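Residue numbers are given in UniProt numbering: position 209 of the sequence shown equals residue 209, and the series is strictly consecutive.
Backbone N, C-alpha and C fix where the C-beta goes; we use that ideal spot for every residue, glycine too.
Quantities reported herein were computed from a predicted structural model and do not represent experimental measurements.
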Amino acid sequence: PARYFDTETTEPISFFLSGLEELLAWQPNSNDDFNVSAVPLAKRQPPLHSWRPRTLVCHDMRGGYLEDRFIQGSATRNPYVFYHWRYIDIFVYFSHHTVTIPPVVWTNAAHRSSVAVLGTFITEWTDGEKLCEAFLAGGEEAYGAVAEQLARIAQHYRFDGWLINIENKLSAAAVGNLPLFLRDLTARVHSAVPGGLVIWYDSVLKDGTLRWQNELNDENRIFFDACDGLFTNYNWKEEQLERTRRLAGPRQNDVYVGVDVFARGDVIGGGFDTDKSLRLIRQYGLSAAIFAPGWVYEHLGKENFLQNENRFWGSLAEYLPTHSISTLPLSTSFSLGMGTSVFLDGKDEESGPWYNLSAQDIQPLYPEEQGRLSTSCYLQDAWRGGSSLQLQGTIPSGEERVAVRLFSLQMPAPPKLFLTLLYKLEGPQPDDFTVALEVTTWDSGICLEGNPTSLPEPNGRHYPRFLPAPPPGLAKLLAACHRGSHGWTSRCYELELQDCSLRDLSVIVSRQQPSLQETSFTFLLGEVRVLDTASMGASPPQVHSVMASQLWWQ
């Protein structure tokens with residue numbers, strides 16, 4: 001069927017639903033097994049609903065369902081990717097189809113990095129009015145059926161909820177039932193999807209007129225009270241932020257103030273001035289909704305996209321609270337889910353463009369320090385996948401080393417950790433430097449490294465012990481300890497901790513010889529792994545009752 005499979009290639013594709021009939025007729029179907037997310041939403045710290053402002057990204061690009069609709073990837077050159085997941089909390093996939101089901105590749109990539117994914121339910125223009133009249137004015141049975149289907153769709157495809165966007169005027173009967181519909185939908189989504197969310201877009205007012213408010217006020221509060229949050233329109237002024245905060249009270253984090261990166265209309269700042277909008281939003285302790293950050297790709301072009309993307313998100317980083325990884329194992333080759341080649345064990349196995357966000361690895365923080373450090377994605381060489389992480393910077397005169405923070409962690413440390421690192425030094429004098437890992441722990445009087453007689457480390461910094469060979473029993477898994485090839489250096493480490501809580505994982509670049517000169521370095525990170533020894537030694541559970549379906553032989 002054309003909905004599920006591309007008519008030209010027969011490959012499985014992601015899809016949307018048009019109109020009320022398609023929504024109400026939707027049933028799970030064996031053809032759409034491909035569209036079910038295979039990656040559960042990873043745990044994170046702090047949890048999404050903790051007391052701090054959040055960041056939502058609303059992805060709207062040329063109508064949606066572009067190359068990202070190909071569930072098993074495509075040979076796309078210079079595709080759009082998003083990888084600053086550590087800096088955001090919620091990802092909305094937006095299009096102008098009635099029911100936008102997020103393409104599963106986005107759900108997989110976001111979930112791997114602990115980011116919740118919402119689809120969009122939109123009605124607009126005169127067709128939208130008719131559609132709303134049909135299901136809202138029809139009473140409890142009619143709007144209940146729509147709420148039930150939306151909750152079932154989110155549950156079936158394993159994404160996390162909905163943005164509701166009613167962009168047309170409503171009759172008195174329809175608007176009277178709208179808060180009831182939102183309450184019903186929110187309750188059903190909460191019960192069907194763990195951690196599910198329903199967010200309302202600032203559009204229709206309580207009397208049914210369509211008039212964007214750019215704030216939370218008495219005209220639209222009834223809808224905010226009926227769901228998990230409000231996404232405001234983009235043309236706000238500072239006094240509206242103040243009024244919004246006052247009215248939201250203890251729910252101020254549930255107001256997502258809209259920022260249009262394309263800067264349409266009368267806005268504070270978009271493009272590379274988006275930070276001006278965010279600074280104000282955060283001054284009032286509100287959450288932010290960044291709309292169409294694909295501006296970087298669409299407006300500035302594909303050519304220097306990765307460079308521009310790092311510049312854009314780097315300019316916002318101080319206003320984006322990050323979330324930490326809270327489970328092990330942590331394993332990444334830094335692949336973006338795209339590339340100009342596929343690499344395996346440092347070797348270019350297959351040249352040619354590819355794009356598949358489901359294959360994106362867990363992404364690090366992308367630290368930037370003007371003139372001292374830059375972190376970027378490097379497509380020309382990798383250990384595995386399509387890209388490695390390039391770190392360029394300087395060790396200041398008189399200093400021995402610099403630490404580059406890759407991941408923030410928040411979890412109790414297991415008694416023994418194994419860590420592996422693969423890197424490649426570049427630049428004119430690669431032999432002048434060594435690269436190693438550092439683990440920091442949260443400061444507490446009881447945290448000890450190694451045996452019980454050792455003293456607590458100052459500042460909770462730990463330098464794991466270098467292992468020339470993997471320990472017996474883990475040799476197969478940790479063949480990495482001495483398998484560097486194609487110019488890559490491989491290192492294995494062990495760290496024993498007692499009563500500690502993990503905080504950061506950093507890479508340390510050190511000079512071989514002391515020097516009073518400022519020294520520049522460039523190196524690639526190919527892979528980093530942090531493993532809990534105890535769980536690695538256990539044999540994996542047996543797999544039972546495997547079934548294969550939808551086979552296509554070529």
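*Taking the CB atoms as reference points, tell me whether N220 and Q240 lie closer together than 8 Å.*
Translated into the one-based positions of the sequence shown, residue 220 becomes position 220. Translated into the one-based positions of the sequence shown, residue 240 becomes position 240. No; because the gap between Cβ atoms is not below 8 Å, this pair is not in contact.
*Buried versus exposed, by CB contacts within 10 Å (16 or more), N177*: In the sequence shown, the residue the question calls residue 177 occupies position 177. N177 is buried by the Cβ-count criterion.
*Limits of the unbroken alpha helix (DSSP H) element including M536*: The residue labelled residue 536 in the question sits at position 536 within the sequence shown. Note, M536: alpha helix (DSSP H), T533 to G537.
_Unbroken alpha helix (DSSP H) run spanning S315, endpoints_ = As a working note, residue 315 is residue 315 in the sequence shown. Start and end: F305 to L316.
_Tell me the rounded alpha-carbon separation between G144 and G445._
Numbered from its first residue, the sequence shown carries residue 144 at position 144. Numbered from its first residue, the sequence shown carries residue 445 at position 445. Answer to the nearest angstrom: the Cα atoms are 55 Å apart.
_C-alpha gap between A110 and R69, whole angstroms_ = Locating residue 110 in the sequence shown gives position 110, counting from the first residue. Locating residue 69 in the sequence shown gives position 69, counting from the first residue. Those two C-alpha atoms are separated by around 16 Å.
_Could you check whether the stretch 404-421 touches the stretch 487-495, counting it as contact only if at least three pairs of C-beta atoms, one from each stretch, sit closer than 8 Å?_
yes
*Pull up the distance between the alpha-carbon of L344 and that of E298, whole angstroms please.*
Position 344 of the sequence shown, counted from the first residue, corresponds to residue 344. Position 298 of the sequence shown, counted from the first residue, corresponds to residue 298. Distance between the alpha carbons of L344 and E298: 32 Å.
_Terminal residues of the beta strand (DSSP E) in which H59 lies_ = Within the sequence shown, residue 59 is the residue found at index 59, counting from 1. Per DSSP, H59 belongs to the beta strand (DSSP E) from T55 to H59.
*When the Cα atoms are used, what is the spatial distance from T453 to A38?*
Walking along the sequence shown from the start, residue 453 turns up at place 453. Walking along the sequence shown from the start, residue 38 turns up at place 38. Caution is warranted here: a pLDDT of 49 is assigned to T453, below 50, making its placement in the model unreliable, and the coordinate value is therefore given only provisionally. Spanning the two alpha carbons is a distance of roughly 46 Å.
_Under 8 Å, with one C-beta from each stretch per pair, do the stretch 85-94 and the stretch 55-67 reach the 3-pair mark?_
yes
*Around the C-beta of V546, are 16 or more other C-beta atoms found within 10 angstroms, so that it is buried, or is it exposed?*
As a working mapping, residue 546 is identified with position 546 in the sequence shown. By the 10 Å Cβ count, V546 comes out exposed.
*Quick one: using the 10 Å Cβ neighbour count with 16 as the cut-off for buried, is R264 buried or exposed?*
To locate residue 264, count along the sequence shown from 1; it is residue 264. Looking at its Cβ environment, which holds fewer than 16 other Cβ atoms inside 10 Å, R264 is exposed.
*Buried or exposed: S535, going by 16 or more other Cβ atoms within 10 Å of its Cβ?*
For this step, residue 535 is matched to residue 535 along the sequence shown. So S535 counts as exposed.
*On the DSSP bridge assignment, give the partners of F418 in chain order.*
Position 418 of the sequence shown, counted from the first residue, corresponds to residue 418. DSSP lists E494 and L531 as partners of F418.
_Coarse secondary structure for N165, derived from DSSP in three states_ = In the sequence shown, residue 165 corresponds to position 165, counting from 1. DSSP places N165 in strand when its eight states are reduced to three.
*Can you give me the start and stop residues for the alpha helix (DSSP H) that L505 sits inside?*
To locate residue 505, count along the sequence shown from 1; it is residue 505. Run containing L505: none in the alpha helix (DSSP H); it sits in the beta strand (DSSP E), S501 to R511.
*Please determine if the stretch 1-17 and the stretch 241-260 are in contact, where contact requires at least 3 C-beta pairs separated by less than 8 Å.*
no
*asked:* Going residue by residue through the stretch 147-214, where are the continuous alpha helix (DSSP H) segments of at least 4 residues, counting only ones entirely within it?
replied: 172-192
*Taking the alpha-carbon positions, what's the F135 to S203 distance?*
Stepping through the sequence shown from its first residue, residue 135 is reached at position 135. Stepping through the sequence shown from its first residue, residue 203 is reached at position 203. Cα-Cα distance, rounded: 18 Å.
_With a threshold of 8 Å, are at least 3 pairs of Cβ atoms found where one atom belongs to the stretch 344-361 and the other to the stretch 321-329?_
no
*Could you pull out every unbroken alpha helix (DSSP H) segment of at least 4 residues lying fully inside the stretch 235-317, listed in chain order?*
238-248, 274-283, 295-300 and 305-316
*Cβ shell of D32 (< 7 Å), same chain only, five flanking positions each side left out*: Here the question's residue 32 lines up with position 32 in the sequence shown. So the qualifying residues of the chain are Y4.
*Counting only runs that start and end within the stretch 92-153, where is the beta strand (DSSP E) found for 3 or more residues in a row?*
116-124
*asked:* Once DSSP output is grouped into helix, strand and coil, what is the label at S331?
replied: Along the sequence shown, read from residue 1 onward, the residue named residue 331 stands at position 331. Strand at S331.
*Three or more beta-carbon pairs under 8 Å between the stretch 492-506 and the stretch 302-311, yes or no?*
no
*Are the stretch 380-387 and the stretch 407-417 in contact at 8 Å, needing three or more beta carbon pairs?*
no
*Based on Cα-Cα distance, which residue from F82, V105, A289 and S520 lies nearest to T232?*
The count along the sequence shown starts at 1 and reaches residue 232 at position 232. Nearest option by C-alpha distance: A289.
*Going by C-alpha distance, which of F523, R44, V402 and G352 is nearest residue 571?*
Residue 571 lies beyond the range of the chain shown here (1 to 554); nothing can be said about it.
*Kindly identify the DSSP beta-bridge partner or partners of H462.*
Reading the sequence shown from its first residue, position 462 is the one you call residue 462. Beta-bridge pairing links H462 to V439.
_Measuring alpha carbon to alpha carbon, tell me which residue in A403, W162 and S397 is nearest S374._
Here residue 374 refers to the residue found at position 374 of the sequence shown. Nearest option by C-alpha distance: A403.
*Just reading off the alpha helix (DSSP H) that E22 is part of, what are its end residues?*
Position 22 of the sequence shown holds residue 22. G19 to A25 is the span of the alpha helix (DSSP H), which, as asked, contains E22.
*Quick one: give me the first and last residue of the alpha helix (DSSP H) that I446 is part of.*
Working through the sequence shown from its first residue, we reach residue 446 at position 446. I446 -> no alpha helix (DSSP H), and no H or E assigned at all.
*When the distance is taken between beta carbons, is T244 closer than 8 Å to V259?*
Position 259 of the sequence shown, counted from the first residue, corresponds to residue 259. Position 244 of the sequence shown, counted from the first residue, corresponds to residue 244. No, they are not a contact pair.
*As assigned by DSSP and simplified to three states, the class of D68*: Walking along the sequence shown from the start, residue 68 turns up at place 68. Of the three classes helix, strand and coil, the one that applies to D68 here is helix, per DSSP.
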